[in-house]
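2 protein chains.
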Amino acid sequence: MKKCVVILSGGPDSVTAAYWALEKDYEVHALTFNYGQKAQIEIKHAAEISKTLGITHKIIDLSNLSEIYEGVTSLVDSGIEVTGEFTDPIIVPFRNGVFLSIAVAYADGVGADLVLYGAHAGDEEFYPDCRREFYEAFQEAARLGTGRGITITSPLSHLRKSGVLREAARLSVPLEKTWSCYLPGPDHCGACESCNNRRRAFAEAGITDPTKYEHE
Amino acid sequence: MKKCVVILSGGPDSVTAAYWALEKDYEVHALTFNYGQKAQIEIKHAAEISKTLGITHKIIDLSNLSEIYEGVTSLVDSGIEVTGEFTDPIIVPFRNGVFLSIAVAYADGVGADLVLYGAHAGDEEFYPDCRREFYEAFQEAARLGTGRGITITSPLSHLRKSGVLREAARLSVPLEKTWSCYLPGPDHCGACESCNNRRRAFAEAGITDPTKYEHE
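Just so you know, the protein sequences line up as chains A and B, in that order. Counted from 1, the first sequence has number 45 at position 54 by the working numbering; the numbering is strictly sequential. Counted from 1, the second sequence has number 152 at position 161 by the working numbering; the numbering is strictly sequential.
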């Protein structure tokens, strides 16, 4: 059976990528990263969804990376508040580079020839490590660094977030079980950048939003 | 002051890279990785050398990566013996890819425009992630993934191991404080692949080997 590694954050994008891979008959090995993010709850969501799907799931503890992300990003540093303002430092430098490198190491070990993550067209403007040119370059580095051809891609790269939700609906993804908020929960805050994007995308997609937001 | 990040394993190659950067007047930020390697002692050597040099040093705990390296490499898995035979599975898949990705994230945070590691020409035959073509491709991925130009290189790439030791001698590197062995110590085993390389390189370089080996 052909195998793939999916970077699974627990958000709608990466969960949709996992469902996409299952539809394509891949044996899915999911990796979730604890990098000290305030939204630890997303890890629990990723675990629950993996269990439902019956796929292999590993949680990789990188919480010590907070050492290098302190002072840099509000998603990790407790001293920097998540306000929902446009100026929030929500970029975690080269996060997908770190995640992809470990996913490639894992893929090499289990003999997978595909690594998927949930980057989509709506991310490209703000996050350089979500762009196609980035993951294509990373794929080339991975080929040279492992001596094996491992394809790195996102099955959602041509879609904006509303398109991802429509694809999710087609694949019967349990969207109510996914997590987007930058904060610890237990409900989505409804005010941070990621909650705003989630809410807007549901509206644009014409799909009923099953999310409970603290701030409506 | 111009800054660089050095991946410092505690071995002679990476320590020489750090000395090289200091000679070039870089402010050096050293990163050492605990990836569950049996040779935990090398981390202590890296810390001591950093202290002597008065450089910033962070130890990043990736010991949870043993989850993905179990069954794959004798350098991590306690069930796979390090015998010193040529057939030992001593390759840790994409290890330098993982280390470089975190070094790039760190460099982006501290504003360094150079990332160094200690790959040299003698490694290139066996380790794809020590080859120049690999780190040049990785540099391109890092540029695209961070939106910043960060140079990734090894100042030793043109040298074989004996040449590295001669360069180390020129830079007054305290070679007796470096660690090469794949095993936990307290002395170098003198029988593993890495001890064999170390011993041979000292002989080739014509430098007195200060290392105490268990097996002479």
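C-beta atoms are modelled at their ideal positions from N, C-alpha and C, and glycine is treated no differently.
Step through the CB atoms of chain A and report whether any lies within less than 7 Å of the CB of residue i.
{"i": "S92 (chain B)", "result": "yes"}
{"i": "P175 (chain B)", "result": "no"}
{"i": "I51 (chain B)", "result": "yes"}
{"i": "F193 (chain B)", "result": "no"}
{"i": "Y108 (chain B)", "result": "no"}
{"i": "Y97 (chain B)", "result": "yes"}
{"i": "F85 (chain B)", "result": "yes"}
{"i": "G88 (chain B)", "result": "yes"}
{"i": "G100 (chain B)", "result": "yes"}
{"i": "F129 (chain B)", "result": "yes"}
{"i": "P119 (chain B)", "result": "yes"}
Using only CA atoms, which one of the options lies nearest to residue i?
{"i": "A37 (chain A)", "options": "A:E131, A:A182, A:Y10", "result": "A:Y10"}
{"i": "G138 (chain A)", "options": "B:G138, B:D120, B:E33", "result": "B:D120"}
{"i": "S57 (chain A)", "options": "B:Y17, B:A96, B:L56, B:E72", "result": "B:A96"}
{"i": "D(-6) (chain B)", "options": "B:Y126, B:R134, B:L105", "result": "It should be pointed out that residue -6 (chain B) corresponds to Lys in this sequence rather than to Asp. Looking at the Cα atoms, B:L105 is the closest of the given residues."}
{"i": "N87 (chain A)", "options": "A:E184, A:L174, A:S5", "result": "A:S5"}
{"i": "Y173 (chain A)", "options": "A:Y204, A:A128, A:I143", "result": "A:Y204"}
{"i": "I50 (chain A)", "options": "A:H20, A:K29, A:S185, A:L44", "result": "A:H20"}
{"i": "Q28 (chain B)", "options": "B:R190, B:P175, B:H179", "result": "B:P175"}
{"i": "H206 (chain A)", "options": "A:S185, A:C180, A:I46, A:E184", "result": "A:C180"}
{"i": "A8 (chain A)", "options": "A:H149, A:P177, A:A182, A:G197", "result": "A:H149"}
{"i": "E61 (chain A)", "options": "B:T43, B:G100, B:V83, B:H48", "result": "B:G100"}
{"i": "A12 (chain B)", "options": "B:A194, B:A182, B:I46", "result": "B:I46"}
Rounded to the nearest angstrom, how far is the Cβ of residue i from that of residue j, given a contact under 8 Å?
{"i": "G1 (chain B)", "j": "I59 (chain B)", "result": "In fact, because the Cβ distance is near 23 Å, the residues do not count as touching under 8 Å."}
{"i": "A110 (chain B)", "j": "L162 (chain B)", "result": "Contact flag wrong, Cβ pair sits at about 17 Å."}
{"i": "N25 (chain A)", "j": "L53 (chain A)", "result": "6 Å"}
{"i": "E210 (chain B)", "j": "W170 (chain B)", "result": "The requested residue 210 (chain B) does not occur in the structure, where chain B is confined to residues -8 to 207."}
{"i": "R151 (chain B)", "j": "G113 (chain B)", "result": "4 Å"}
{"i": "L22 (chain A)", "j": "A132 (chain A)", "result": "About 18 Å; that fails the 8 Å criterion."}
{"i": "H98 (chain A)", "j": "I141 (chain A)", "result": "The amino acid occupying residue 98 (chain A) in the given sequence is Ala; His does not appear at that position. Yes, they are in contact, since the Cβ atoms of A98 (chain A) and I141 (chain A) sit about 5 Å apart, within 8 Å."}
{"i": "F117 (chain A)", "j": "G136 (chain B)", "result": "Going by Cβ atoms, the distance from F117 (chain A) to G136 (chain B) rounds to 13 Å, so no, they are not a contact pair."}
{"i": "V89 (chain B)", "j": "S92 (chain A)", "result": "5 Å"}
{"i": "A103 (chain A)", "j": "V(-4) (chain A)", "result": "5 Å"}
{"i": "E14 (chain A)", "j": "M(-8) (chain A)", "result": "Not really, about 14 Å apart at Cβ, beyond 8 Å."}
{"i": "A128 (chain B)", "j": "A128 (chain A)", "result": "7 Å"}
For chain B, find out if any of its Cβ atoms is closer than 7 Å to the Cβ of residue i; answer yes or no.
{"i": "T137 (chain A)", "result": "yes"}
{"i": "V224 (chain A)", "result": "This structure cannot settle anything about residue 224 (chain A), because the visible part of chain A is limited to -8 through 207."}
{"i": "D114 (chain A)", "result": "no"}
{"i": "G1 (chain A)", "result": "no"}
{"i": "I59 (chain A)", "result": "yes"}
{"i": "D178 (chain A)", "result": "no"}
{"i": "E184 (chain A)", "result": "no"}
{"i": "N55 (chain A)", "result": "yes"}
{"i": "F125 (chain A)", "result": "yes"}
{"i": "A132 (chain A)", "result": "yes"}
Pull up the distance between the alpha-carbon of residue i and that of residue j, whole angstroms please.
{"i": "L107 (chain A)", "j": "Q31 (chain A)", "result": "22 Å"}
{"i": "G154 (chain A)", "j": "L166 (chain A)", "result": "14 Å"}
{"i": "P201 (chain A)", "j": "S145 (chain A)", "result": "25 Å"}
{"i": "P3 (chain A)", "j": "V164 (chain A)", "result": "8 Å"}
{"i": "N188 (chain B)", "j": "R122 (chain B)", "result": "18 Å"}
{"i": "E184 (chain A)", "j": "F125 (chain A)", "result": "23 Å"}
{"i": "Q130 (chain A)", "j": "T199 (chain B)", "result": "43 Å"}
{"i": "H48 (chain B)", "j": "A196 (chain B)", "result": "30 Å"}
{"i": "I143 (chain A)", "j": "L44 (chain B)", "result": "40 Å"}
{"i": "N55 (chain A)", "j": "D178 (chain B)", "result": "29 Å"}
{"i": "K35 (chain A)", "j": "K42 (chain A)", "result": "11 Å"}
{"i": "R190 (chain B)", "j": "K168 (chain B)", "result": "15 Å"}
{"i": "V83 (chain A)", "j": "D16 (chain B)", "result": "29 Å"}
{"i": "A231 (chain A)", "j": "E115 (chain A)", "result": "Outside the shown range of chain A (-8 to 207) lies residue 231 (chain A), about which nothing can therefore be said."}
{"i": "R134 (chain A)", "j": "C186 (chain B)", "result": "29 Å"}
Report whether the distance from the Cβ of residue i to the nearest heavy atom of the ligand SAH is below 6 Å.
{"i": "A98 (chain B)", "result": "No copy of the ligand SAH occurs in the structure displayed, which carries no ligand at all."}
Residue i CB to nearest chain C CB: under 7 Å?
{"i": "E33 (chain B)", "result": "Among the chains of the structure shown, chain C does not appear; the protein chains present are A and B."}
Which runs of the beta strand (DSSP E) fall wholly inside the stretch 121 to 158 of chain A and span at least 3 residues, in chain order?
142 to 144
| field | Whole runs of the beta strand (DSSP E) within the stretch 7 to 41 of chain B, excluding any shorter than 3 residues | value | 18 to 25
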